[in-house]
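Numbering (the UniProt record's numbering), first residue to last: 1 to 347.
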């Protein structure tokens, strides 16, 4: 494995700022995502396991997975190997996030789902457990499979959150939170939560800035976490708009940095946790080299929308808070690629 050894890895990890959440240990503000497509690629488990080990060697200490990704098991194997190899002293040196899939956003199914996640990871607890999307399937399913427009219904948010709180009280997760929640949905959740959400993970990049949501989350002491910080370039549903941005390119040339580094630095300056995803070792390391001298950068989604579903329009789903590229092309592209409509929500 390339790298500078345990000392260099620890030194790199020490440069990553952390955020104190409502509970649990501080969250490193750069994490490595483990979603990779296609999800059923036979080489995926080995690829993820090796990538996580290289990431730990590079200095990453925060890892993001989900039941839907199919990467919990290889992530857990990599953590065990890292401990055996002395790369980290124990799981306590790492920050592990996973997510509750929409097949289990039903009261009574949350705790069993988290226990499956822990078995997959070979861990007795994780640091953060998120509700992946504010929706549920009409038909309960054990594993992700093709679903259709009329399979989606409103989630019993209060009942599901009560179960999430129980997961934290049992010590199976040190903190709980959400993903893809708007200000309106967060307000609803906060109206009955006895344990408020510690974090909200959503897409954020220069073309999807989430300014209103960021202000709301700061006011409510909810840590905002950014997925697809570079616009999901290279995926069927993403685009190169961020990496091709002339302003970012200009700053990158001036400062001798990559466009990705400038973009990630902009996100860091907003106070967001950044979930980056690259299995390329050089890029892994570059994504951590964003805390030096870089300038401040000043500088649609629509899915689950169907006349027979709980959300009839894009504005209704996103509560009027998201502007930017529509997800309809994303949804259509993923449906063609994966022969189902669940592809675009694996974030």
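Just so you know, even glycine gets a beta-carbon here, dropped at the ideal spot from N, CA and C.
If you're wondering where the values come from, they're calculated on a predicted model, not measured in any experiment.
- Message: Looking only at its chain, what residues have a beta carbon closer than 6 Å to the beta carbon of residue 16, apart from the 5 residues adjacent to it on each side?
- Response: In chain order, 28 and 30 place their CB closer than 6 Å to the CB of residue 16, counting only its own chain and leaving out the 5 sequence neighbours on each side.
- Item | Residue interval of the alpha helix (DSSP H) (run including residue 250) | 246-255 is the extent of the alpha helix (DSSP H) around residue 250.
- If we call anything under 7 Å between Cβ atoms a contact, is residue 130 one with residue 177? Yes, they are a contact pair.
- Task: Figure out for me which residue from 286, 280, 10 and 292 has the closest Cα to the Cα of residue 47.
- Result: Among 286, 280, 10 and 292, the Cα nearest to that of residue 47 is on 280.
- Item | Euclidean distance between Cα positions of residue 166 and residue 250 | For residue 166 and residue 250, the distance between alpha carbons rounds to 49 Å.
- Query: Taking the DSSP output, what are the residues bridged to residue 179?
  - Reply: Here residue 179 is bridged, per DSSP, to 201.
- Message: I'd like to know if the stretch 182-199 and the stretch 221-229 are in contact, where contact means that at least 3 CB-CB pairs between them fall below 8 Å.
- Response: The stretch 182-199, when compared against the stretch 221-229, does touch it at the 8 Å Cβ threshold.
- Message: Short of 6 Å in beta carbon distance, which residues of its chain neighbour residue 59, apart from the five on each side in sequence? Order them along the chain.
- Response: Non-local C-beta neighbours of residue 59 in its own chain, meaning closer than 6 Å and more than five positions away in sequence, comprise 9, 12, 13 and 288, ordered along the chain.
- Quick one, which of 95, 240, 269 and 101 has its alpha-carbon nearest residue 25's? For the residues 95, 240, 269 and 101, the minimum Cα distance to residue 25 belongs to 95.
- Assign residue 188 to one of three DSSP states: helix, strand, or coil. Under the three-state reduction of DSSP, residue 188 is assigned to helix.
- Query: Between the stretch 113-130 and the stretch 95-104, do at least 3 Cβ pairs fall closer than 8 Å?
  - Reply: Judged by Cβ distances under 8 Å, the stretch 113-130 makes contact with the stretch 95-104, as three or more pairs qualify.
- Message: Taking the beta carbon of residue 61 as the centre, do at least 16 other beta carbons fall within 10 Å, making it buried, or is it exposed?
- Response: Looking at its Cβ environment, which holds 16 or more other Cβ atoms inside 10 Å, residue 61 is buried.
- Would you kindly work out how many angstroms separate the C-alpha atoms of residue 122 and residue 246, rounded to a whole number? One C-alpha to the other measures close to 45 Å.
- Task: Please state whether DSSP places residue 289 in a helix, a strand or coil.
- Result: It is coil, neither helix nor strand.
- Task: Report all residues from its chain with a CB closer than 6 Å to the CB of residue 276; omit the five preceding and five following residues, and keep chain order.
- Result: The residues are 287.
- Query: Span of the alpha helix (DSSP H) holding residue 52?
  - Reply: Where residue 52 is concerned, the enclosing alpha helix (DSSP H) stretches over 44-58.
- Task: Starting from residue 78, follow the alpha helix (DSSP H) in both directions and report where the run begins and ends.
- Result: Boundaries of the alpha helix (DSSP H) around residue 78: 72-84.
- Message: For residue 183, which residues in the same chain have their Cβ closer than 8 Å to its Cβ, ignoring the five residues on either side in sequence?
- Response: For residue 183, same chain residues with a beta-carbon under 8 Å away, outside a window of 5 residues either side, are 212, 213, 216, 319 and 321 in chain order.
- Message: Taking 7 Å as the limit between beta carbons, can you name the residues of its chain near residue 19, skipping five residues before and five after?
- Response: Within the same chain, Cβ atoms closer than 7 Å to the Cβ of residue 19 are found at 26, 27, 29, 223 and 273, the five residues on either side in sequence being excluded.
- Query: In whole angstroms, what is the alpha-carbon distance linking residue 173 and residue 254?
  - Reply: If I take the Cα positions, the gap works out to 44 Å.
- Query: Thinking C-alpha only, which one of 53, 21, 23 and 22 is nearest residue 34?
  - Reply: Of all alpha-carbon atoms in 53, 21, 23 and 22, the one lying nearest the alpha-carbon of residue 34 is that of 53.
- Would the beta-carbon of residue 263 fall within 7 Å of that of residue 230? Their beta carbons are under 7 Å apart, which means residue 263 touches residue 230 by this criterion.
- Item | For residue 115, the nearest candidate out of 40, 241, 81 and 171 (CA to CA) | Closest by alpha carbon: 171.
- Task: Take residue 162 and list the residues in its own chain whose beta-carbon comes closer than 8 Å to its own, dropping the five residues that flank it on each side.
- Result: So the list reads 107, once near-sequence residues are dropped.
- Message: If I follow the unbroken beta strand (DSSP E) through residue 353, where does it start and stop?
- Response: Residue 353 is absent from the structure shown; the chain starts at 1 and stops at 347.
- Message: I need the boundaries of the beta strand (DSSP E) containing residue 30, first residue and last residue.
- Response: For residue 30, the enclosing beta strand (DSSP E) starts and ends at 30-33.
- Query: Alpha carbon to alpha carbon, how far is residue 278 from residue 175?
  - Reply: So the alpha carbons of these two residues sit roughly 26 Å apart.
- CB of residue 101 within 7 Å of CB of residue 73, strictly: Between residue 101 and residue 73, the gap from beta carbon to beta carbon reaches 7 Å or more.
- Message: Let me make sure I understand the geometry here. Which of 44, 39 and 64 has the alpha-carbon closest to that of residue 226?
- Response: Ranking 44, 39 and 64 by Cα distance to residue 226 puts 64 first.
- Query: What is the rounded straight-line gap between the Cα of residue 259 and the Cα of residue 290?
  - Reply: Looking at the backbone, the Cα of residue 259 and that of residue 290 are separated by about 11 Å.
- Task: Grab me the residues of residue 252's own chain with a C-beta within less than 8 Å of its C-beta, minus the 5 sequence neighbours each way, in chain order.
- Result: Within the same chain, residue 252 has close Cβ partners 258, 259, 261 and 262.
- Query: Considering residue 262, what are the terminal residues of the alpha helix (DSSP H) in which it resides?
  - Reply: Per DSSP, residue 262 belongs to the alpha helix (DSSP H) from 259-269.
- Cα-Cα, which of 37, 44, 75 and 66 is closest to residue 55? Here the closest residue by C-alpha is 75.
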